[in-house]
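Asker:
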Amino acid sequence: MATRSVKPGHRFTVPDWHTNSHFISADAERQRSVSHQVRQEARALRNETNNQTKWDEHDNQTRLAERISSVNRWKETLDKCLADIDVEIDALAKVKEAAERALQAKNLPLDVSVECLTLRESRRAIDVVRDPVEEELHKEVKVIDKAKRELQQRVNEAFEQLCLLEEARQQLRCDHRHKMEALEIDRVCLSLNVISPNISFKVNPTRVPGGSTTLDEWEQNSQCNKDRAEAEMKASAGLREATVLAIAQTDNELEAQRIATEFALRKRIRDLERAYDELKWQEQNTLEEIADMEEDIRRLEEDFRQKAQDLKVAHTRLETRTYRPNMELCRDQVQYGLTDEVHQLEGTIRGLRQ
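Heads up: the sequence shown at position 163 corresponds to 478 in this note's numbering, and the numbers run straight through without jumps.
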């Protein structure tokens, strides 16, 4: 007789089976509910993170744009400041060259004044006098020396100021170059998006690089560079005005002294010409007087010789008449006349000798 095969083990009841089915269904319901809750939370989180990401991206885009605008404003300010300082450097360099030319131009008048003083040392005797011409020439030398010292000081100050301007310009150029680089970098950052080909994960991108500065420090640095450049330009403008004034003032002083010196020279020349003319006139008169004196001496000598001859005649007559005979040897009027004539001629000859 055949036997029925029975699976060994515990057998569940129908209620157990129904209970188990109900438990499985309930658990499935619960898991689906949990899954639904998780999905809802995930969707909410995704929406929230998407919104936050978009907002953060928009906010940083705005910040980048504002930063670019801020840096660009400073770049434009530095552009203008650089243009102004370039103009000021050129202007100061031209004024410095003008001062150097004015300084060089003082050498010739100084050489002329010194040469005049040297030449006047060749005067002789009473003409070696300390006259107004010499005083004005010494004044002219002092005026030129003073002008040269002042102009040399202005040239030195201009050179030093040009060095300061060049330093300020170098700082501006360095700051301007850095801002150009920063603008280029920030514009590249502004152009990046999720489809950009050159984006990638970086190692520790949130680190703070060494040498980083605060926004206030950045602002103060640019403002300091700008303020220094403006201060140096202001000082340069004042120095330019002072240098131009010094050039004009020294030229005016030298011109005034030149006029005074030339006036003294002309006056001295007129005095010398008058003295020379007076001496020439005196010389001419003296020569004429000498000629007259020589003529008179010649005539006196001629008269002396003539009187000597006349005296000889009178002596001969008197001597000859001493040979008259006897009573004819009388002291007649002829004798008296000849004697008077002899005395007169002898007195005349003595007077002529004197």
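Note that CB positions come from ideal geometry on N, CA and C, so glycine has one too.
I'd like to know whether the C-beta atoms of Ala571 and Val448 end up nearer to each other than 9 angstroms.
Answerer: Result no, Cβ atoms of Ala571 and Val448 do not sit closer than 9 angstroms.
Asker: Could you give the first and the last residue of the continuous alpha helix (DSSP H) run that contains Arg613?
Answerer: Here the alpha helix (DSSP H) through Arg613 covers Leu530 to Arg636.
Asker: Exposed or buried, what is Met316 when buried is set at 16 or more other beta-carbons lying within 10 Å of its beta-carbon?
Answerer: Its pLDDT being 46, under 50, Met316 is placed unreliably in this model, and the value from its coordinates should be taken loosely. That one is exposed.
Asker: Answer with buried or exposed for Gly666, where buried requires no fewer than 16 other C-beta atoms within 10 angstroms of its C-beta.
Answerer: Under this definition Gly666 is an exposed residue.
Asker: Going by DSSP, what residue range makes up the alpha helix (DSSP H) through Leu660?
Answerer: Here the alpha helix (DSSP H) through Leu660 covers Gln648 to Arg668.
Asker: How many whole angstroms separate the CB atoms of Arg543 and Ala483, which I take to be in contact at a CB cut-off of 8 angstroms?
Answerer: Confirmed, Cβ separation roughly 5 angstroms.
Asker: Comparing alpha-carbon positions, which option in Leu644, Glu532, Thr631 and Ser348 lies nearest Glu656?
Answerer: Nearest option by C-alpha distance: Thr631.
Asker: Reducing DSSP to helix, strand and coil, say where Thr364 ends up.
Answerer: Reduced to three states, the DSSP call for Thr364 is helix.
Asker: Drop a sphere of 10 angstroms on the beta-carbon of Asn422, count the other beta-carbons inside from all chains shown, and report buried for 16 or more, exposed for fewer.
Answerer: By the neighbour-count rule (16 or more Cβ atoms within 10 Å), Asn422 is not buried but exposed.
Asker: Tell me the residue span of the alpha helix (DSSP H) that contains Val509.
Answerer: No alpha helix (DSSP H) contains Val509, which DSSP labels as neither H nor E.
Asker: So, do the stretch 448–460 and the stretch 424–434 have three or more beta carbon pairs nearer to each other than 8 angstroms?
Answerer: Flag = yes, the stretch 448–460 and the stretch 424–434 touch.
Asker: Rounding to the nearest angstrom, what Cα-Cα distance links Arg583 and Lys411 in this structure?
Answerer: Straight-line Cα distance between these residues: approximately 40 angstroms.
Asker: Between Asp671 and Arg382, which are expected to be in contact by the criterion C-beta below 8 angstroms, what is the C-beta distance as a whole number of angstroms?
Answerer: Residue 671 is absent from the model: the chain starts at 316 and stops at 669.
Asker: So for Ser527, helix, strand or coil by DSSP?
Answerer: Ser527 falls in the coil class under three-state DSSP.
Asker: Consult DSSP for Asp501 and reduce its assignment to one of helix, strand or coil.
Answerer: Note: Asp501 maps to helix in three-state DSSP.
Asker: Starting from the Cα of Ala575, find the closest Cα among Ala357, Arg439, Leu452 and Glu604 and give me that residue.
Answerer: Cα-wise, what sits closest to Ala575 is Leu452.
Asker: If you draw a straight line from the C-alpha of Phe327 to the C-alpha of Phe516, how long is it?
Answerer: Distance between the alpha carbons of Phe327 and Phe516: 60 angstroms.
Asker: Should Leu554 and Leu418 be called a contact, given that it needs their Cβ atoms to be closer than 9 angstroms?
Answerer: The answer is no: Cβ separation not under 9 angstroms.
Asker: For Gln494, tell me which candidate among Lys622, Asp394, Met608 and His351 has the shortest Cα-Cα distance.
Answerer: The identity of residue 494 in the sequence shown is Lys, whereas the question assumes Gln. Out of Lys622, Asp394, Met608 and His351, Asp394 has the C-alpha closest to the C-alpha of Lys494.
Asker: Should Val470 be labelled buried (16 or more other beta-carbon atoms within 10 Å of its own) or exposed?
Answerer: Buried, because 16 or more other Cβ atoms sit within 10 Å of the Cβ of Val470.
Asker: Does the stretch 554–568 touch the stretch 427–442, meaning 3 or more C-beta pairs lie closer than 8 angstroms?
Answerer: Output reads no: the stretch 554–568 does not touch the stretch 427–442.
Asker: Ends of the alpha helix (DSSP H) at Leu434?
Answerer: Note, Leu434: alpha helix (DSSP H), Asn422 to Arg435.
Asker: Rounding to the nearest angstrom, what Cα-Cα distance links Arg378 and Leu507 in this structure?
Answerer: About 14 angstroms.
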